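The structure appears right after this line, and notes come after that.
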Amino acid sequence: MNPSYDEAEQVLKLPNSYFDRGYKKGKEEGIEIGVEKGREEERKEMLQTIPIAIKMLQEGMELQLTVEKTGLSQREVEKIKQQLENL
6 MNPSYDEAEQ
16 VLKLPNSYFD
26 RGYKKGKEEG
36 IEIGVEKGRE
46 EERKEMLQTI
56 PIAIKMLQEG
66 MELQLTVEKT
76 GLSQREVEKI
86 KQQLENL
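According to the numbering used here, numbering within the sequence shown proceeds without interruption in unit steps and concludes at 92.
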(Lines of atoms letter the chains of each structure in order from A and count residues from 1; the text may use other names and numbers.)
(Lines give C-alpha, C1' and ligand atoms only; values in the text may rest on other atoms or scores of the structure.)
Protein backbone atom coordinates (compact mmCIF):
# COMPACT_ATOMS: atom_id res chain seq x y z
CA MET A 1 0.00 0.00 0.00
CA ASN A 2 1.63 3.23 -1.17
CA PRO A 3 0.66 6.50 0.41
CA SER A 4 -0.80 9.00 -1.97
CA TYR A 5 1.07 12.12 -2.93
CA ASP A 6 -1.30 14.26 -0.79
CA GLU A 7 -0.74 12.09 2.27
CA ALA A 8 3.03 12.23 1.82
CA GLU A 9 2.88 16.00 1.41
CA GLN A 10 0.86 16.31 4.63
CA VAL A 11 3.41 14.22 6.52
CA LEU A 12 6.23 16.41 5.22
CA LYS A 13 4.38 19.54 6.38
CA LEU A 14 4.02 18.31 9.97
CA PRO A 15 7.42 19.53 11.20
CA ASN A 16 6.72 22.98 9.73
CA SER A 17 3.31 23.02 11.39
CA TYR A 18 4.85 22.22 14.78
CA PHE A 19 7.54 24.82 14.22
CA ASP A 20 4.96 27.47 13.26
CA ARG A 21 2.86 26.76 16.35
CA GLY A 22 5.93 26.84 18.60
CA TYR A 23 7.15 30.05 17.00
CA LYS A 24 3.76 31.71 17.41
CA LYS A 25 3.51 30.65 21.07
CA GLY A 26 7.05 31.84 21.77
CA LYS A 27 6.35 35.17 20.09
CA GLU A 28 3.17 35.64 22.14
CA GLU A 29 5.03 34.83 25.37
CA GLY A 30 7.81 37.23 24.40
CA ILE A 31 5.32 40.03 23.81
CA GLU A 32 3.67 39.30 27.15
CA ILE A 33 7.02 39.44 28.95
CA GLY A 34 7.90 42.68 27.17
CA VAL A 35 4.62 44.31 28.16
CA GLU A 36 5.09 43.28 31.79
CA LYS A 37 8.65 44.65 31.83
CA GLY A 38 7.34 47.91 30.36
CA ARG A 39 4.74 48.18 33.11
CA GLU A 40 7.39 47.48 35.73
CA GLU A 41 9.64 50.21 34.32
CA GLU A 42 6.73 52.63 34.30
CA ARG A 43 6.01 51.88 37.96
CA LYS A 44 9.67 52.45 38.86
CA GLU A 45 9.71 55.77 37.02
CA MET A 46 6.52 56.86 38.75
CA LEU A 47 7.94 55.95 42.16
CA GLN A 48 10.98 58.10 41.39
CA THR A 49 8.90 60.99 40.03
CA ILE A 50 6.34 61.28 42.83
CA PRO A 51 8.82 62.63 45.42
CA ILE A 52 9.93 65.24 42.88
CA ALA A 53 6.32 66.29 42.29
CA ILE A 54 5.74 66.51 46.05
CA LYS A 55 8.76 68.78 46.48
CA MET A 56 7.70 70.97 43.56
CA LEU A 57 4.19 71.37 44.95
CA GLN A 58 5.48 72.05 48.46
CA GLU A 59 7.64 74.83 47.04
CA GLY A 60 4.58 76.40 45.43
CA MET A 61 5.13 75.42 41.82
CA GLU A 62 2.03 75.64 39.67
CA LEU A 63 0.14 72.44 39.03
CA GLN A 64 0.48 72.59 35.23
CA LEU A 65 4.21 73.20 35.39
CA THR A 66 4.58 70.24 37.78
CA VAL A 67 2.66 68.09 35.28
CA GLU A 68 4.92 69.22 32.42
CA LYS A 69 8.19 68.75 34.29
CA THR A 70 7.44 65.41 35.95
CA GLY A 71 5.54 63.70 33.14
CA LEU A 72 2.81 62.69 35.57
CA SER A 73 -0.78 63.18 34.49
CA GLN A 74 -2.74 66.17 35.69
CA ARG A 75 -4.99 63.82 37.63
CA GLU A 76 -2.00 62.24 39.41
CA VAL A 77 -0.54 65.63 40.35
CA GLU A 78 -3.93 66.87 41.55
CA LYS A 79 -4.23 63.79 43.75
CA ILE A 80 -0.77 64.39 45.22
CA LYS A 81 -1.62 68.05 45.83
CA GLN A 82 -4.87 67.09 47.55
CA GLN A 83 -3.05 64.62 49.79
CA LEU A 84 -0.51 67.29 50.72
CA GLU A 85 -3.31 69.69 51.62
CA ASN A 86 -4.89 67.04 53.87
CA LEU A 87 -1.71 66.56 55.91
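We put the CB at the ideal spot given by N, CA and C, even for glycine.
Values in this document were obtained by computation on a predicted structure and should not be read as measured data.
With respect to the alpha helix (DSSP H) encompassing residue i, which residues constitute its N-terminal and C-terminal limits?
i: Glu-73; result: 68-75
i: Leu-89; result: 79-90
Taking all protein chains shown into account, do 16 or more other C-beta atoms lie within 10 angstroms of the C-beta of residue i, making it buried, or fewer, making it exposed?
i: Leu-62; result: buried
i: Val-40; result: exposed
Can you list, in chain order, the residues of its chain with a C-beta nearer than 7 Å to that of residue i? Leave out the 5 residues immediately preceding and following it.
i: Lys-84; result: none
i: Asn-21; result: none
Near residue i, which residues of its chain fall below 8 Å by C-beta distance, leaving aside the five closest residues on each side in sequence?
i: Leu-68; result: Leu-62, Gln-79, Val-82, Glu-83, Lys-86
What distance in whole Å lies between the Cβ atoms of residue j and residue i, which are believed to be in contact at a cut-off of 8 Å?
i: Leu-89; j: Ile-59; result: 7 Å
Would the stretch 71-78 and the stretch 49-56 be scored as touching if the rule is three or more Cβ pairs under 8 Å? yes
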